[in-house]
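Data block below; observations after.
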Amino acid sequence: NSKTQAKTNPENKDGQRYINKQQRYHEKREDKLNNEKTSLKRKLNWENNQQEKEDIREEIKLVEANIIFENNQAKRFKAYANDASLTYPGKAPDLQPIIQKLREGNLTKEQEEHLENIWQYSTPNDILAEESSISITGHDLKTLQFDKENIGWLNDNIIDFYMQLIVKQTTNNKIFAFPSIFHRTLTERYQDAIKFKRRQQDLHQFNLYLIPLILNNHWTLLFFNPDSTTIGFFNSLQSHGPDPAPILERSKRYFKDLFEKRGRNWTEPTVDSRTVPQQNNGSDCGVYVCYFSRCLASNHPIDIQPEHIGLFRKQIAYEIITKDLIQNLF
1 NSKTQAKTNP ENKDGQRYIN KQQRYHEKRE DKLNNEKTSL KRKLNWENNQ QEKEDIREEI
61 KLVEANIIFE NNQAKRFKAY ANDASLTYPG KAPDLQPIIQ KLREGNLTKE QEEHLENIWQ
121 YSTPNDILAE ESSISITGHD LKTLQFDKEN IGWLNDNIID FYMQLIVKQT TNNKIFAFPS
181 IFHRTLTERY QDAIKFKRRQ QDLHQFNLYL IPLILNNHWT LLFFNPDSTT IGFFNSLQSH
241 GPDPAPILER SKRYFKDLFE KRGRNWTEPT VDSRTVPQQN NGSDCGVYVC YFSRCLASNH
301 PIDIQPEHIG LFRKQIAYEI ITKDLIQNLF
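For the record, in the sequence shown the residue sitting at position 65 is 65 according to full-length UniProt numbering, with numbers rising by one throughout.
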């Protein structure tokens, strides 16, 4: 009726007030559920009975499904407050499809339990894995946790280590992953970037180049595939991050210089402008960069769902501590 429409109309003050109240309600619900999830995880860590552990894991999945719903609802109300043409956020959907997606992880229960034990008992300075002169400590691995106590921002050690796993364990592509510090050299000190490539005598011989970028605390991925003559910039948060055009142009210049000086044919690449999945929070950008890199390396479709990101965090962590990539991808 007209009274209800007025109450939910973002174009008047009463409507704005009501919509903002709904947004805050869902944000508070999400916060409360995160506290509940933290308590359940502590309970799981101390439980020894296997059946009880299974029951707690199911409780956690239900809470996680509700967290996803509350997060989505808060964002829908926020968007609706700024755009009356959007559909008014309605009643709660069925949580079962969300719960089902949360059961689709690629780790076994034993692998998950092993990982949880390492997360719980390792100290910040413990060396958990080493690869290509990169050491992963307990502190580093904790950056893959995202909950009430951990902000979930992946650090450069995690990104660089995972890139090296991709390089070493991908058989269908010859890949070179630049260290995460390289993009600053490329964009700010081009002559130093030239010197870097001269130290790598075979740097022109790869068929996929990955350059992770960290700007303003936000991870994105630049890649170049000379075989398909494509270059791209994948950003999982389009509303945040650098303008890709200058970075793409500088990268094209770099690879053109590299190829021509080494005698490899150069064709001006086209820009891969496909739409990539978007994160629904401010913490998952590094996880998406790892996922995009895996997909590009293995020619896997890029179609991960937000519900799977938490599961992929665990997969990355387990792959790092075992130094072995799991072939299944979301």
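Where a beta carbon is used, it is the ideal one built from N, C-alpha and C, also for glycine.
No experiment lies behind these values; they were computed from the predicted model shown.
Using alpha carbons as the reference points, say which of the options lies closest to residue i.
i: asparagine 328; options: Asn173, Gln16 and Gln315; result: Gln315
i: proline 10; options: Ala84, Pro306, Thr143 and Asn125; result: Ala84
i: glutamate 113; options: Gln22, Asp243, Asn48 and Asp257; result: Asn48
i: residue 361; options: Gly310, Lys323 and Asp324; result: Outside the modelled stretch of the chain, which goes from 1 to 330, sits residue 361, for which no answer is possible.
i: lysine 256; options: Gln305, His204, Ser293 and Asp303; result: His204
i: glutamine 191; options: Arg253, Gln145, Glu149 and Thr171; result: Arg253
i: leucine 296; options: Gln278, Leu248, Phe233 and Glu188; result: Phe233
i: residue 332; options: Asp243, Pro246, Asn235 and Gly286; result: The shown model of the chain, from 1 to 330, leaves out residue 332, and the question about it has no answer.
i: glycine 241; options: Gly286, Lys13, Arg42 and Asn265; result: Gly286
i: proline 238; options: Pro277, Tyr209, Ile231 and Asn71; result: Just to set this straight, residue 238 is glutamine in the shown sequence, not proline. Of the candidates Pro277, Tyr209, Ile231 and Asn71, the one whose C-alpha sits nearest the C-alpha of glutamine 238 is Pro277.
i: glutamine 22; options: Tyr88, Tyr162 and Trp46; result: Tyr88
i: isoleucine 304; options: Leu102, Lys13 and Ala65; result: Leu102
i: isoleucine 302; options: Ile321, Phe330, Tyr18 and Arg313; result: Phe330
i: threonine 187; options: Gln279, Asp243, Ser122 and Glu104; result: Asp243
i: lysine 148; options: Glu30, Gln50 and Gln279; result: Glu30
i: serine 273; options: Phe292, Ile231, Lys261 and Arg313; result: Ile231
i: glutamate 27; options: Val63, Asn72 and Asn12; result: Asn72
i: histidine 218; options: Asp227, Asp284 and Gln164; result: Asp284
i: glutamate 249; options: Tyr162, Phe259 and Pro269; result: Pro269
i: histidine 183; options: Leu213, Tyr18, Asn12 and Asn207; result: Leu213
i: glutamine 51; options: Thr322, Lys109, Thr123 and Thr267; result: Lys109
i: proline 124; options: Ser132, Glu131, Glu130 and His139; result: His139
i: isoleucine 98; options: Arg313, Thr267, Leu86 and Ile68; result: Ile68
i: threonine 195; options: Lys261, Phe146, Glu130 and Thr170; result: Correcting the residue type first, residue 195 is lysine in the shown sequence and not threonine. The shortest Cα separation from lysine 195 among Lys261, Phe146, Glu130 and Thr170 belongs to Lys261.
i: glutamate 130; options: Tyr291, Arg42, Tyr162 and Arg313; result: Tyr162
What does the alpha-carbon distance come out to for the pair residue i and residue j?
i: lysine 32; j: glutamine 16; result: 24 Å
i: asparagine 157; j: asparagine 34; result: 27 Å
i: tyrosine 288; j: glycine 152; result: 12 Å
i: serine 180; j: arginine 57; result: 36 Å
i: asparagine 172; j: isoleucine 166; result: 11 Å
i: histidine 308; j: asparagine 299; result: 19 Å
i: glycine 282; j: glycine 263; result: 43 Å
i: threonine 229; j: aspartate 202; result: 19 Å
i: leucine 115; j: alanine 74; result: 31 Å
i: arginine 76; j: glutamate 70; result: 10 Å
i: valine 271; j: isoleucine 326; result: 30 Å
i: glutamine 100; j: proline 246; result: 42 Å
i: leucine 210; j: arginine 24; result: 40 Å
i: asparagine 150; j: leucine 141; result: 11 Å
i: isoleucine 60; j: asparagine 106; result: 17 Å
i: phenylalanine 224; j: aspartate 324; result: 25 Å
i: aspartate 94; j: asparagine 66; result: 10 Å
i: asparagine 216; j: serine 293; result: 21 Å
i: tyrosine 121; j: alanine 79; result: 41 Å
i: serine 132; j: isoleucine 19; result: 52 Å
i: aspartate 8; j: alanine 81; result: Reading off the sequence shown, one finds threonine at residue 8, where the question assumed aspartate. Each residue's Cα considered, the two are about 9 Å apart.
i: lysine 13; j: leucine 86; result: 18 Å
i: residue 374; j: proline 226; result: No answer is possible for residue 374: it lies beyond the span of the chain, which begins at 1 and ends at 330.
i: tyrosine 291; j: isoleucine 321; result: 17 Å
i: tryptophan 46; j: aspartate 55; result: 14 Å
i: threonine 170; j: arginine 189; result: 31 Å
i: valine 63; j: threonine 267; result: 51 Å
Sort out for me which residues DSSP pairs residue i with in a bridge.
i: valine 271; result: Ile231
i: tryptophan 219; result: Ile214
i: asparagine 225; result: Thr230
i: phenylalanine 176; result: Tyr209
i: serine 283; result: Note: serine 283 sits in no beta bridge, so no partner.
Could you round the C-beta distance between residue i and residue j to whole angstroms and report it? I think they count as a contact, below 8 Å.
i: lysine 37; j: leucine 44; result: No, lysine 37 and leucine 44 are not in contact; Cβ-Cβ is about 10 Å, not under 8 Å.
i: residue 336; j: alanine 193; result: Outside the modelled stretch of the chain, which goes from 1 to 330, sits residue 336, for which no answer is possible.
i: isoleucine 127; j: threonine 143; result: Not quite, the Cβ-Cβ distance comes to about 16 Å (not below 8 Å), so this is no contact.
i: histidine 118; j: aspartate 160; result: It is isoleucine, not histidine, that sits at residue 118 in the sequence shown. Not confirmed; about 20 Å, so no contact.
i: glutamine 111; j: tyrosine 318; result: 6 Å
i: leucine 222; j: serine 251; result: 6 Å
i: asparagine 280; j: proline 306; result: 5 Å
i: glutamine 174; j: asparagine 207; result: Glutamine is not the amino acid found at residue 174; the sequence shown has lysine there. Going by Cβ atoms, the distance from lysine 174 to asparagine 207 rounds to 5 Å, so yes, they are a contact pair.
i: phenylalanine 146; j: arginine 42; result: 16 Å between Cβ atoms; not a contact.
Taking 8 Å as the line, does the beta carbon of residue i fall inside it for any heavy atom of the ligand FAD?
i: leucine 213; result: Among the components modelled here there is no ligand, and therefore nothing to report on the ligand FAD.
* Asked: Can you list, in chain order, the stretches of the alpha helix (DSSP H) that have 4 or more residues and sit fully within the UniProt region "Disordered" (1-36)?
  -> Segments of the alpha helix (DSSP H) lying fully in the UniProt region "Disordered" (1-36): 2-7.
* If you scan the stretch 125-151 from start to end, which runs of the alpha helix (DSSP H) of 4 or more residues do you find wholly inside it? -> You should have 138-142.
* To do: Within the stretch 83-128, note down every full alpha helix (DSSP H) run reaching 4 residues or more, in order along the chain.
  => The DSSP assignment places 96-102 and 109-121 as complete runs of the alpha helix (DSSP H) inside the stretch 83-128, in order along the chain (cut-off: 4 residues).
* Asked: Which ranges does the alpha helix (DSSP H) cover as unbroken runs of at least 4 residues, wholly within the stretch 32-73, from first to last along the chain?
  -> None, since the stretch 32-73 contains no complete alpha helix (DSSP H) of that length.
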